[in-house]
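Contents: one structure, followed by commentary.
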Amino acid sequence: MVETSLGIDLNVTPFHLTDDTPKNNEDKLNQINLENKKLKEMLTLVLDNHNSLQNHVSKLIRDRDLLASSPNKRKSGECYECNTSGSTENHHQRSLKRPNNGVKRVYTRTDPSDTSLVVKDGYQWRKYGQKVTRDNPSPRAYYKCSFAPSCPVKKKVQRSLDEPDLLLTIYEGEHNHKSTANEHETQTSKARFNSPTELGKFDDTLVEQMANSLRRNPDFIEDLAEAISSKIFENDLF
DNA sequence: CGCATTTGACCTGCGC
DNA sequence: GCGCAGGTCAAATGCG
Ligand SMILES: [Zn+2]
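Numbering (full-length UniProt numbering), first residue to last: 1 to 238.
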């Protein structure tokens, strides 16, 4: 169902072929402005769709992981309301906490190329181990709170198996001190879940991600090269 | 120097 | 006990 060919059409005319009468230039400028505007609107639309899709996928993965990780031991207060009511979505959009062990699972959106596995969550961590796990190619990193041993909190961070830009962090324990980060930083780090795009205002990191993934995509490179060369060829016939 | 990270060794629980 | 997988330790290394 996915259209693989990008069908790139570079609407570009080499400058040395244009006639430079002012009227023509003005027309062209207007035309290009219009086109830019249209493209911008399309981009925001695509971004919105992309965001909501990603959020949806994240939710699906969380629910599946939750079921898979504790199929049997559902004790009191487990997330039953999630299964019964499909209407409200916000209440476990971000973090799933299981009161059982003081173990908290949190999913964080991040750049797939970010190999550092460092999640800025307002606390300072000291990495003390990294292991490859059986059924996930990406390694799992182990952290202790840097106030240890006075603060016993640990966390594990591992990339999600089927969503490479989703990061699963498992916290265990509660901090006995305050977060070092100020309010603004925790806000931005928590705001990983994407909200609808305001027109004309893009999420820079997301745009950068998309650009990166396009740059790394061989199909895109190929299509781009073909589009460029065909355009040049076509214009060289004059 | 004083920290954090890296990384192989080591430990521990579990199924056979 | 043995082997495996996950979790931890600690010596070496890196960095400001
Ligand atoms: Zn702490």
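Quick reminder that beta carbons are idealized off the backbone N, C-alpha and C, glycines included.
A quick note: this is a predicted structure, and the numbers were derived from the prediction, not measured.
Local Cβ density within 10 Å of residue i, reported as buried at 16 or more and exposed below that
i    : result
N40  : The sequence shown places Lys at residue 40, rather than the Asn named in the question. Classification for K40: exposed.
A141 : buried
R62  : buried
T108 : buried
G77  : Reliability fails at G77, whose pLDDT of 30 lies under 50, so the model's placement of it is uncertain and no value is given.
T21  : exposed
N90  : Unreliable positioning characterises N90 in this predicted model, as indicated by a pLDDT of 27, which lies under 50. A coordinate reading is not provided.
T188 : Only weak support exists for where T188 lies, its pLDDT of 38 falling under 50; the value from the coordinates is given anyway. Exposed, by the Cβ-count rule.
Y128 : exposed
T133 : exposed
R74  : Note that R74 scores a pLDDT of 38, beneath 50, so its modelled location is shaky and nothing firm can be said.
N83  : Below a pLDDT of 50, predicted positions are generally treated as unreliable, and N83, at 30, falls in that range; the measurement from the model is reported next regardless. It is exposed - the Cβ of N83 has fewer than 16 other Cβ atoms within 10 Å.
N72  : With a pLDDT of 43 at N72, under the threshold of 50, the modelled position of this residue cannot be trusted, and the question is left open.
S85  : Below a pLDDT of 50, predicted positions are generally treated as unreliable, and S85, at 29, falls in that range; the measurement from the model is reported next regardless. Its Cβ having fewer than 16 others within 10 Å, S85 is exposed.
From the options, residue whose alpha carbon lies closest to that of residue i
i    : options                : result
L161 : P152, Q54, D135, N217  : D135
Q158 : R215, N217, L167, D27  : L167
Q154 : D165, E163, N176, L29  : The residue asked about is misnamed: residue 154 is Lys in this sequence, not Gln. Measuring from the Cα of K154, the nearest candidate turns out to be N176.
A211 : E35, L47, L29          : L47
L60  : E26, N217, E163, S179  : E163
S126 : V132, F147, T110, T133 : Per the sequence shown, the amino acid found at residue 126 is Arg instead of Ser. It is F147.
K156 : S150, C145, P149       : C145
I170 : Y143, C151, S150, P149 : Y143
Cβ-Cβ distance between residue i and residue j below 7 Å
i    : j    : result
V103 : E172 : yes
G122 : S179 : yes
M130 : P139 : The sequence shown places Gln at residue 130, rather than the Met named in the question. Going by C-beta atoms, Q130 is nearer than 7 Å to P139.
T110 : D165 : yes
*Unbroken beta strand (DSSP E) runs of length 3 or more, entirely within the UniProt domain "WRKY" (114 to 180): which are they?*
You should have 125 to 133, 136 to 145, 154 to 159, 166 to 172.
*With distances taken from each beta carbon to the nearest heavy atom of ligand 1, which residues come in below 7 Å, in chain order?*
Near ligand 1, meaning a Cβ closer than 7 Å to any of its heavy atoms, lie the following residues in chain order: Y123, C145, F147, C151, V153, H175, N176, H177.
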